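**Student:** Those sequence lines, one after another, are chains A and B.
If you're matching positions, the first sequence starts at 384 in this note's numbering and goes up one per residue.
If you're matching positions, the second sequence starts at 592 in this note's numbering and goes up one per residue.
Submitted below is the structure of interest, expressed as structure tokens.
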Amino acid sequence: MIRWRNEIKQTAKGLAFLSPWLIGFAVFMALPIGLSLYLSFCDYPLLQPPVFVGLRNYHAMLHDSVFWESLRNTGYYALLTLPAGMIIAIAAALLLNSRVRGISIYRAIIFLPSLVPLVASSMVWLWLFNSRLGLINTLLRYMGVAHPPGWLTTTRWAMPSLAIMSFWGLGNTVVIYLAGLQDVPKELYEAAEIDGASPARQLWHVTLPGISPVIFFNLIMAIIGVVQNFTVPYVMTQGGPDRATYLFTMYLYDNAFSFLHMGYASAMAWVELLIVLILTAIAFWSSRHWVHYQGK
Amino acid sequence: MPEKLPVNMVSKDLLEGNFPATAGESVDRATPSGSAGGPTPPIGRRLMTHALLIGASLIALVPFLWLLDTSFKTESTATQYPPSLIPDPFRWQNYVNLFSERQYHMLLWARNSLTIAVLVVLGTTISSAFVAYGFAKIRFRGRGILFALMLSTMMIPFPVTMVSMFIIFKWLGDHTGVAWLGTFRPLWVPYWFGSAFSIFLLRQFFITIPDELSEAARIDGCSELGIFFRIILPLARPALSVVALFAFLAVWNDFLGPLVYLQHSHQFTLALGLEAFQSQLGGSQWNLLMAASVLVVLPVVILFFIAQRTFIEGIATTGIKG
Numbered sequence: 384m385i386r387w388r389n390e391i392k393q394t395a396k397g398l399a400f401l402s403p404w405l406i407g408f409a410v411f412m413a414l415p416i417g418l419s420l421y422l423s424f425c426d427y428p429l430l431q432p433p434v435f436v437g438l439r440n441y442h443a444m445l446h447d448s449v450f451w452e453s454l455r456n457t458g459y460y461a462l463l464t465l466p467a468g469m470i471i472a473i474a475a476a477l478l479l480n481s482r483v484r485g486i487s488i489y490r491a492i493i494f495l496p497s498l499v500p501l502v503a504s505s506m507v508w509l510w511l512f513n514s515r516l517g518l519i520n521t522l523l524r525y526m527g528v529a530h531p532p533g534w535l536t537t538t539r540w541a542m543p544s545l546a547i548m549s550f551w552g553l554g555n556t557v558v559i560y561l562a563g564l565q566d567v568p569k570e571l572y573e574a575a576e577i578d579g580a581s582p583a584r585q586l587w588h589v590t591l592p593g594i595s596p597v598i599f600f601n602l603i604m605a606i607i608g609v610v611q612n613f614t615v616p617y618v619m620t621q622g623g624p625d626r627a628t629y630l631f632t633m634y635l636y637d638n639a640f641s642f643l644h645m646g647y648a649s650a651m652a653w654v655e656l657l658i659v660l661i662l663t664a665i666a667f668w669s670s671r672h673w674v675h676y677q678g679k
Numbered sequence: 592m593p594e595k596l597p598v599n600m601v602s603k604d605l606l607e608g609n610f611p612a613t614a615g616e617s618v619d620r621a622t623p624s625g626s627a628g629g630p631t632p633p634i635g636r637r638l639m640t641h642a643l644l645i646g647a648s649l650i651a652l653v654p655f656l657w658l659l660d661t662s663f664k665t666e667s668t669a670t671q672y673p674p675s676l677i678p679d680p681f682r683w684q685n686y687v688n689l690f691s692e693r694q695y696h697m698l699l700w701a702r703n704s705l706t707i708a709v710l711v712v713l714g715t716t717i718s719s720a721f722v723a724y725g726f727a728k729i730r731f732r733g734r735g736i737l738f739a740l741m742l743s744t745m746m747i748p749f750p751v752t753m754v755s756m757f758i759i760f761k762w763l764g765d766h767t768g769v770a771w772l773g774t775f776r777p778l779w780v781p782y783w784f785g786s787a788f789s790i791f792l793l794r795q796f797f798i799t800i801p802d803e804l805s806e807a808a809r810i811d812g813c814s815e816l817g818i819f820f821r822i823i824l825p826l827a828r829p830a831l832s833v834v835a836l837f838a839f840l841a842v843w844n845d846f847l848g849p850l851v852y853l854q855h856s857h858q859f860t861l862a863l864g865l866e867a868f869q870s871q872l873g874g875s876q877w878n879l880l881m882a883a884s885v886l887v888v889l890p891v892v893i894l895f896f897i898a899q900r901t902f903i904e905g906i907a908t909t910g911i912k913g
């Protein structure tokens, strides 16, 4: 009896401390997600009350070529940035993990760009990518490229430009990899050395398995980041030219706030949620085969 | 909530107790290197490493330098071809103009950004610490499930909830008489209910604080709130400053939130204002645009250099290391 009362008291105390988050979760997470599920079955032009239309929004999606285009563009952006971004970040982390003089300064410098607010870095890169006056094309012309690409102004190069720019801001990912690298037990390298493993084999058989949990964590974060990518293309290209950089979240935003198709936008929000859930589920499922946790 | 989570970078490091990128002093110590094992790599390899590091640093730095460079040029020297390296004449006036000419709203936007940032940083830190205490120090049934639920909300992107949040805030404005849309409220009020990432981070820190401390206080008749305020919070100061810092970075960077909720240009934050400024200038006056961008970047860079030390000291002195 006393124990039972004690338990109630403990639970009440715990829930009291949790109460800000519990309320916040209900109001700012559960409610909007539930509401958008309901609205996704409605026609809702914001100024008139929502009208239930069943699956019509989802059906319209299937035949909406812009929807598919924005989805394809997002996939293309993911393809351009995820694998290359991972390789670049790991390479940078390996480099920053070497024991040379001044390494802390190098680390700070390479980390710095990731702190720049996305709108500000968009401005800088708009200027760098400027096809006539930009620094990049100026340098390319110096190096003998007579007709450097028009970068953001051409359908072919606009998306790769955004990808190149995203690599500049990889510093925080690099930091996480660096922390992972410093966690790989030194004895493993010593053992590999004794067995005569070359640096390349050490990288493949010791380092990469050693940091695989970190790779996994960064992969999940990168997936979530790519799916919701909005600010940079919105500021730099407005989705253009000719919708070449028009991403999924931009179309969601436009449906909601430019066209006031709140029902359709809600359906897209649910699709975005499902995409994130499915991709992370795949990552989690596949992780059994390639992520190695060291027993601690 | 914002799409770029600067908070990522601590998650692991803090748990592991190191912050390598900014750990100015500790970095030259033993770092088992993947590619370069052994005590001291040969001179050839060291030179090669330096060359690569300098190359990478240049790529990281050149955009900053070009940004600064252009911000001190005149409109005509900024757009001449080929571009000059040194701004001649050196023009401070761009910055003066940004502040003095009323049409630019720079000061107003800076004040808006700061107002929101202060409210968000305070709210996130206070409420997250409170919740984290519940997750870390009070044992009760269902805690594990709630914790897992909280962690999973970290994966939900802001665009997923923004449409219905907008509708909810509009409804609140229409039915309660307190306006939400077109005010700062939607941008800071939610943060007073804790943010999942900060709660997680603080909880990880709180569980490292020995229970004996709070037990002793409890025996002395200290209430749970008293333990939280008088024992846990003072000890957690370094972790709290980490949370505050990342909350600041996130809100300073946020663009989509203000874009959705704010309506009039006099309410804009710096991030939103910078974008409005750019579309207003429409691809001319790069010197002014770069000066404005410098003003948005500068606080973050300054904070980085100040906070670098706070981090190391905080992490080192409180011994979550190892």
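A virtual CB, placed ideally from N, CA and C, is assigned to each residue, including glycine.
Everything numeric in this text was worked out from a predicted model, so none of it was measured.
Quick one, which residues of the stretch 812-826 of chain B are near chain A if we go by CB-CB under 7 Å, in chain order?
**Tutor:** Listed in sequence order: E815.
**Student:** Give, in chain order, every residue of the stretch 722-748 of chain B whose Cβ lies closer than 8 Å to some Cβ of chain A.
**Tutor:** The residues in question are V722, Y724, G725, F726, I729, R730, F731, R732, G733, R734, L737, L740, M741, T744, M746, I747, P748.
**Student:** So if I threshold CB-CB distances at 9 Å, which residues from the stretch 654-678 of chain B count as touching chain A?
**Tutor:** Against chain A - using a Cβ distance shorter than 9 Å - the residues of the stretch 654-678 of chain B are P654, F655, W657, L658, T661, A669, T670, Q671, Y672, P673, P674.
**Student:** Whole angstroms is fine: what's the gap from I577/A's alpha carbon to A666/A's?
**Tutor:** I577/A and A666/A: Cα-Cα distance of roughly 35 Å.
**Student:** Quick one: what does DSSP say D426/A is sitting in, helix, strand or coil?
**Tutor:** Strand at D426/A.
**Student:** Quick one: list the residues of chain B neighbouring E452/A, beta-carbon separation under 8 Å, in chain order.
**Tutor:** Result: empty, since nearest Cβ-Cβ is about 18 Å, beyond 8 Å.
**Student:** For V434/A, name the three-state secondary structure that DSSP assigns.
**Tutor:** Note: V434/A maps to strand in three-state DSSP.
**Student:** Examine chain B for any beta-carbon lying closer than 7 Å to the beta-carbon of A605/A, and answer yes or no.
**Tutor:** Closer than 7 Å: no.
**Student:** Measuring CB atoms only, is the stretch 869-881 of chain B touching the stretch 646-662 of chain B, in the sense that at least three cross pairs come out at less than 8 Å?
**Tutor:** Contact between the stretch 869-881 of chain B and the stretch 646-662 of chain B is present, because at least three Cβ pairs lie under 8 Å.
**Student:** Quick one: does the C-beta of W673/A sit closer than 6 Å to a heavy atom of the ligand ATP?
**Tutor:** Judged by which ligands are present, the structure shown has none, so any question about the ligand ATP falls away.
**Student:** Between G625/B and chain A, is any beta-carbon pair separated by less than 7 Å?
**Tutor:** Low per-residue confidence applies at G625/B: pLDDT is 42, beneath 50, and the placement is therefore not dependable, though the value from the model is reported in the following sentence. It does; some Cβ of chain A falls within 7 Å.
**Student:** Cβ of N844/B less than 7 Å from any chain A Cβ?
**Tutor:** By this cut-off, N844/B is an interface position.
**Student:** Under a Cβ-count criterion, where at least 16 other Cβ atoms within 10 Å of its own Cβ denotes burial, should Q694/B be classed as buried or exposed?
**Tutor:** With fewer than 16 Cβ atoms within 10 Å of its Cβ, Q694/B is classed as exposed.
**Student:** Might you give, ordered along the chain, the residues of its own chain that have their beta carbon closer than 8 Å to the beta carbon of H855/B, omitting 5 neighbours on each side?
**Tutor:** So the list reads G773, once near-sequence residues are dropped.
**Student:** Nearest-angstrom Cα distance between L710/B and G785/B?
**Tutor:** Near 13 Å, if we compare the C-alpha coordinates of G785/B and L710/B.
**Student:** Under 7 Å between the Cβ atoms of L401/A and V722/B?
**Tutor:** Result yes, Cβ atoms of L401/A and V722/B sit closer than 7 Å.
**Student:** What three-state label does DSSP hand A491/A in the structure shown?
**Tutor:** In the structure shown, A491/A sits in a helix (DSSP, three-state: H, G or I).
**Student:** With 16 as the cutoff for other CB atoms within 10 Å, does S641/A come out buried or exposed?
**Tutor:** So S641/A counts as exposed.
**Student:** Comparing the C-beta of A808/B with each C-beta of chain A, is any distance below 7 Å?
**Tutor:** For A808/B, the answer is no, since every Cβ of chain A falls outside 7 Å of its Cβ.
**Student:** Check each candidate in L553/A, I607/A, H675/A and name the one with the smallest Cα separation from L495/A.
**Tutor:** It is L553/A whose Cα lies nearest to the Cα of L495/A.
**Student:** Does W510/A come within less than 7 Å of chain B when only Cβ atoms are used?
**Tutor:** Yes - at least one Cβ of chain B is within 7 Å of the one on W510/A.
**Student:** Is the Cβ of G407/A closer than 7 Å to any Cβ of chain B?
**Tutor:** Chain B, which has a Cβ nearer than 7 Å to the Cβ of G407/A, makes this yes.
**Student:** How would you call Y647/A, buried or exposed, if buried means at least 16 neighbouring beta carbons within 10 angstroms?
**Tutor:** By the neighbour-count rule (16 or more Cβ atoms within 10 Å), Y647/A is buried.
**Student:** Could you tell me whether the Cβ of V615/A comes closer than 7 Å to any Cβ of chain B?
**Tutor:** No, because no Cβ of chain B sits closer than 7 Å to the Cβ of V615/A.
**Student:** Could you check if Y572/A is buried or exposed, using at least 16 other CB atoms within 10 Å of its CB as the buried criterion?
**Tutor:** So Y572/A ends up on the buried side.
**Student:** Under 7 Å between C-beta atoms, does M639/B make it to chain A?
**Tutor:** No, M639/B does not count as interfacial toward chain A.
**Student:** Under 8 Å: do the stretch 841-859 of chain B and the stretch 643-650 of chain B share three or more Cβ pairs, one atom per stretch?
**Tutor:** No, because fewer than three Cβ pairs between the stretch 841-859 of chain B and the stretch 643-650 of chain B fall closer than 8 Å, the two stretches do not touch.
**Student:** Does any residue of chain B bring its CB to less than 7 Å from the CB of W404/A?
**Tutor:** Yes, contact with chain B.
**Student:** Taking only the alpha-carbon atoms, compute the straight-line gap between I378/A and K392/A and give it to the nearest angstrom.
**Tutor:** With chain A represented from 384 up to 679, any question about residue 378/A goes unanswered, as that position is not in the structure.
**Student:** What do you reckon, are the CB atoms on Y617/A and A472/A nearer than 7 Å?
**Tutor:** No.
**Student:** How many angstroms separate the CA atom of P750/B from the CA atom of H766/B?
**Tutor:** Their Cα atoms are separated by approximately 25 Å.
**Student:** Mind listing which residues of the stretch 859-875 of chain B have their C-beta closer than 7 Å to chain D's C-betas, in chain order?
**Tutor:** Absent from the structure: chain D. Protein chains present are A and B.
**Student:** Is it buried or exposed for Q431/A, if we count other Cβ within 10 angstroms and need 16 for buried?
**Tutor:** Classification of Q431/A: exposed, given that the 10 Å Cβ count is below 16.
**Student:** Give, in chain order, every residue of the stretch 646-676 of chain A whose Cβ lies closer than 9 Å to some Cβ of chain B.
**Tutor:** Within the stretch 646-676 of chain A, the residues whose Cβ lies closer than 9 Å to some Cβ of chain B are A648, S649, M651, A652, W653, E655, L656, V659, L660, T663, listed in chain order.
**Student:** Please state whether DSSP places G910/B in a helix, a strand or coil.
**Tutor:** Here the model assigns G910/B a pLDDT of 31, short of 50, so the residue's position is not dependable, and the following value carries that caveat. Coil at G910/B, not helix or strand.
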